[in-house]
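K.L.:
Line by line, the protein sequences are chains A and B. Each residue of the first sequence is one higher than the last, beginning at 1 in our numbering. Each residue of the second sequence is one higher than the last, beginning at 1001 in our numbering. One structure coming up, written as structure tokens, with questions to follow.
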Amino acid sequence: MTANPALDLAAAVRRGERSAVDVLEEHLARVDATEADVHAFNTVLGERARVAAGEVDAAVARGEDPGPLAGVPIALKDNLCTRGIPTTCSSRILEGWQPPYDATVVTRVAAAGAVAVGKTNLDEFAMGSSTENSAFGPTRNPLDLSRVPGGSSGGSAAAVAAGYAPLALGSDTGGSIRQPAALCGVVGVKPTYGVVSRYGLVAFASSLDQVGPFARTVGDAALLFDVIAGHDPADSTSLPGAAPVASARLGEGVEGLRVGLVTELVGAEGLSAEVVAGTRAAADALAAAGAKVDEVSVPATVYGLSAYYLIAPAEASSNLSRYDGVRYGHRAEGAADITEMYVATRSEGFGAEVKRRIMLGTYALSAGYYDAYYGQAQRVRTLIIRDFDAAYQSFDVLLSPTAPGTAFPLGEKTADPLVMYLNDVCTIPSNLAGHPAMSVPWGAGADGLPLGVQILAPALGETVMFQVAAALEAMAPAGPGSSAR
Amino acid sequence: MTAATATEWETVIGLEVHTELCTATKLFCGCANNFGDQPNTNVCPVCLGLPGSLPVLNRMAVEYAMRIGTALHCTVQSSLFHRKNYFYPDMPKDYQISQYDVPINADGWLALPDGRRVGIERAHIEEDTGKSTHVGESGRIHGADYSLVDYNRAGVPLVEIVGRPDLRSSEDARAYVDELRAILVATGASDGKMEEGSLRVDANVSVRRRGAPELGTRCEIKNMNSLRSLGRAIEYEAARQIAILEDGGTISQETRHWDETLGRTSTMRSKEEAYDYRYFPEPDLVPIAPSAEWVKAVADALPPMPADRRAAVAEAAGMAPDADPVVTVVRLDLDPLLNAAVAAGADGELAVKRLANEVAAGLEQASTLDPRAFAAVVGMESRSELTTAQARTVLKELLEHGGDPAAIAKAHGFEAMAAGALSGVIDQVIADNPGEWDRFAAGEDKVQGFLIGKIKAATGGNADLKEASALLRARRG
Ligand SMILES: [Zn+2]
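Written out as structure tokens, the structure is:
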């Protein structure tokens, strides 16, 4: 069995064998050692974390159970609201803003005993695939500092890969958890839309955004998933009823499960040969372990990228309107009237990629264009769901690459947004469908950097998705970066 | 505008009425929905639109909207929220959550008191904005030195009732708003207070040559805060448009601002400056799909509407439904007294008249009026045991102090005159005033008042003056 750092730590803390404060100091020491190079965090919560860890130890001393994440350090993406702690979305426009409330997921992990160690860097407002679009500078891949960690949750992925925390929370709108997980050699999960509360997640594209876990192992990711999943009355899109249990069938193998290799995603534009070979090898491994593996076509997924780049910017253009300098965050000085103040504030406060998407989205929603753009994209979405549903008539889970290649050098893809956008070609369809998907490490590329493979499941299919992920993890070829752990 | 041209032109008006709902809390959060509290005290992350916050729909607001739709004979249907995007400092998210092409209530009508129907296109739910105070000479945001914003009102539930352009005069418009307000209050959804801004009216006004098949270009008039200013604004605007058209000009479609002090409208936004609201379905909310049972329960629980009540009062009184006393009795909620009085045997017409006059005048005490006592007074009047003047006196005292009507009448010395007694009094008055009698007998009707006055004085007000008149005329032959 693979060791599960978070599970093992929590168990030791709950039994009183390890102190949460010691565990925290060990992780903070790693932060001290390499964070200057990696820049995973916008904010490190040293003192607050020590207080929280101390409370966990005190609870244990009183004979209480601090919860399933007792004393486990966790990194929080800096688009999750934290009461009294700056929440920047890596944007100048929110610099200095301190939310008066905690996101539901933040409350849940704290209630489970986790200790928040910091707020992680991201592409501004989660728009990007490399964490280079941060107003506070890029995050670097801990496995190779010349490379990006992926994005937009690059800080969270890097924090886990660098050993700053065994667990992290990210958000995934088009692949922002899974792609950096693949590039950093960790596990990353995008839950079913509505299974994890979005309350307190600063919105990028509301109908696509989902909060999800990062961990070094599938078991740890399941542990964190089971803590954050579940109905939240504060989020109207939160699903009623009990959430699927991720940890229910870990270790049960894949004997008899039907696994479909998605033709369109394995054949997608821009995938490296080693990525395709890796995914096929993973499929073969599952077959060897007793799964029934076959190729399956999900035709409408080829329109996913185009639909996504209409829907996500359209929603973003509306969601980001509120950053107008009137109530909080950055306000431009010296404007003569309200219109000038709006224009100057937003021109100064937003980075280039955010402006690009606001303009794209504004255009897509404009009178006379709505039907051709936003309306059409929504129809594509319906088709993608229909095609996935058809595939799930014959398969329990689907398989595809996560990202087109291994981590790429900083600056390599910043010149051409369209090249950058291709990073998400395999991950976007699950967001459009609202289905769960996760990335698990699967060996390394020729450059020695990690590769990931993606498991897709139908809505609320997390239990079987994690079951397959655990089986793949157990069979995965050796990956890089074990020294960093 | 000359009288001749005024009759050549027809004014066409469609009204958009926003009403705040009387919910305890706001539309999408748990903040109190209170008018007049200290600024920015009823606020939270949701109604301030803070990053990461999400709306949760208030079920009671939906129910109130359904009541309004039902009362306006709309189809109550499954509906969606949309975002209406535009920038304004009192709108925390810089978009308003509203309903667009699938409103909760569609296609109904409202009957004016005279029976004419005004079409209702839709009555949809939306959130209110905050309230801006622009400090500076202009009083508007442009040119202000600074602006203050109170977000207590942000997120207060509204229903916007969009009427079809079926109104033809400022009187029509006022009657429509008056009736709509009565309906809204009857549903319990709104307090209908125009002065406090819980009822806000925008008017789309156009003019056309009488008989022309097509509507003229319309202007939307905003900022009327009373029924009176609504009427004035419509009249001003219609006259302005007619003057332009008669000069050979054309009307440009625009939004105009009514200035109460200057008594005129002025351009607020031209068509070119009109916002593109970029409506799209609100992804943070799910569709509202009220069950058939809920829709039915709401309809079944609705109290009778003003029109139904007027019809009932009109029938009891033998009057027209839009007769003034009928309208007054219903507007002042006096029809329960009427029903009780009629049940106790009182004459309907007389009861309606007393309610619309004496009881309406003493409205503060009306709630303490014992329906049986009221019925007794009306009964005494209808049996001629009291004259009209006496009945009024008794009723007034009953309203002020309560008591037994018969005892009050007795205390005032109001006693029914014995049959034949009146005749004797008339004999005496004729004997005492021979000159006046001769003139009356010769056909000089205006002397009748003098003689009646004498009869009234001679009987201490106890005479039935109607009967006295009849007797005088009979004597004259
Ligand atoms: Zn609130």
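Built from N, CA and C at the ideal position, the CB exists for glycine as well. The model shown is predicted, which means the values in this text are computed figures rather than measured ones.
1. Would you list the residues sitting across from B/M1224 in a DSSP beta bridge?
2. Work out the CA separation of A/V343 and B/K1093 for me, nearest whole Å.
3. Can you determine whether any heavy atom of ligand 1 sits closer than 8 Å to the C-beta of B/L1395, and answer yes or no?
4. B/R1059 CB to nearest chain A CB: under 9 Å?
5. Straight-line CA distance for B/E1160 to B/D1284?
6. Assuming B/L1199 and B/S1190 are in contact, meaning their beta carbons sit under 8 Å apart, how far apart are those beta carbons, in whole angstroms?
7. Can you give me the C-alpha to C-alpha distance between A/A484 and A/P404, rounded to a whole angstrom?
8. How many angstroms separate the CA atom of A/V211 from the CA atom of A/V189?
9. Identify the contact partners of A/P417 in chain B, using a Cβ-Cβ distance below 9 Å as the criterion.
10. Do B/A1203 and B/I1013 have their C-beta atoms within less than 9 Å of each other?
11. What's the gap between the Cα of B/L1227 and the Cα of A/S176?
12. Counting by C-beta, which residues lie closer than 6 Å to a heavy atom of ligand 1, in chain order?
13. Are B/L1399 and B/V1359 closer than 9 Å when you measure CB to CB?
14. Just to confirm my understanding: we take B/P1306, look at its own chain, exclude 5 residues before and 5 after, and list those with CB closer than 8 Å. What are they?
15. Thinking C-alpha only, which one of A/V259, A/R258, A/R280 and A/E255 is nearest A/G267?
16. Whether or not the segment 12-20 of chain A and the segment 67-74 of chain A are in contact is what I'm after, with contact meaning three or more pairs of Cβ atoms, one per stretch, closer than 8 Å; do they touch?
17. By Cβ distance below 8 Å, which residues in the same chain neighbour B/A1311 in space, the five residues on each side in sequence not counted?
18. Quick one: list the residues of chain B neighbouring A/T237, beta-carbon separation under 7 Å, in chain order.
19. What number of angstroms, rounded off, separates the C-alpha of B/E1467 from the C-alpha of B/P1325?
20. In terms of alpha-carbon separation, which member of A/L143, A/I455, A/R322 and A/T192 lies closest to B/L1048?
21. Under a three-way DSSP split, which group does B/L1215 fall into?
22. On the three-state DSSP scale, how would you describe B/A1344?
23. Which residues in the same chain have their Cβ closer than 8 Å to the Cβ of A/S482, if we skip the five residues on either side of it in sequence?
24. Closer than 8 Å, Cβ to any Cβ of chain B: which residues of the segment 89-115 of chain A, in chain order?
25. Where DSSP assigns a beta bridge to A/A215, which residues make up the other side?
26. Quick check: the segment 305-325 of chain A against the segment 1084-1092 of chain B, are at least 3 beta-carbon pairs closer than 8 Å?
27. Indicate whether the contact test is met: 3 or more Cβ pairs, each with one atom in the segment 420-433 of chain A and one in the segment 162-177 of chain A, closer than 8 Å.
28. Which same chain residues end up closer than 7 Å to B/A1111 when comparing Cβ atoms and leaving out the 5 residues on each side of it in sequence?
29. Below 7 Å on C-beta distance, what does A/Y374 contact in chain B?
30. B/Q1448 and B/F1440 - do their beta-carbons sit closer together than 9 Å?
31. What does A/M438 pair with, by DSSP beta-bridge criteria?
32. Let me confirm a value: B/M1091 is counted as buried when at least 16 other C-beta atoms fall within 10 Å, else exposed. Which label applies?
33. Which of the residues in the segment 1138-1150 of chain B, read from start to end, lie with their CB under 9 Å from any CB of chain A?
34. Which residues does DSSP pair with B/I1288 in a beta bridge?
P.N.:
Let's see:
1. B/V1201
2. 16 Å
3. no
4. With a threshold of 9 Å between beta carbons, B/R1059 makes no contact with chain A.
5. Cα to Cα, the separation comes out at about 21 Å.
6. 7 Å
7. The pLDDT assigned to A/A484 is 40, lower than 50, so where the model puts this residue is not dependable; a value taken from the coordinates is nonetheless given after this. The straight-line gap from Cα to Cα measures roughly 24 Å.
8. 9 Å
9. By Cβ distance, chain B contributes nothing, its closest Cβ being about 22 Å from A/P417, past 9 Å.
10. yes
11. Rounded to the nearest whole angstrom, the CA to CA distance from B/L1227 to A/S176 is 56 Å.
12. B/K1026, B/C1029, B/C1031, B/V1043, B/C1044, B/V1046, B/C1047 and B/G1155
13. In contact: B/L1399 and B/V1359 (Cβ atoms closer than 9 Å).
14. E1179, A1182, I1183, A1186, V1330 and R1331
15. A/R280
16. yes
17. P1321
18. D1284 and V1286
19. 25 Å
20. The shortest Cα separation from B/L1048 among A/L143, A/I455, A/R322 and A/T192 belongs to A/R322.
21. coil
22. coil
23. Annotation note: pLDDT 46 at A/S482 (below 50); position unreliable, coordinate value reported separately. Cβ within range, chain order: n/a, list empty.
24. C89, L94, W97, P99, P100, Y101 and A103
25. Bridge partners of A/A215: A/L167 and A/V187.
26. yes
27. yes
28. R1117 and A1307
29. F1280
30. yes
31. A/V189 and A/I455
32. Here B/M1091 is buried. Its C-beta has 16 or more other C-beta atoms within 10 Å.
33. I1141, H1142, G1143, A1144, S1147 and V1149
34. B/S1079
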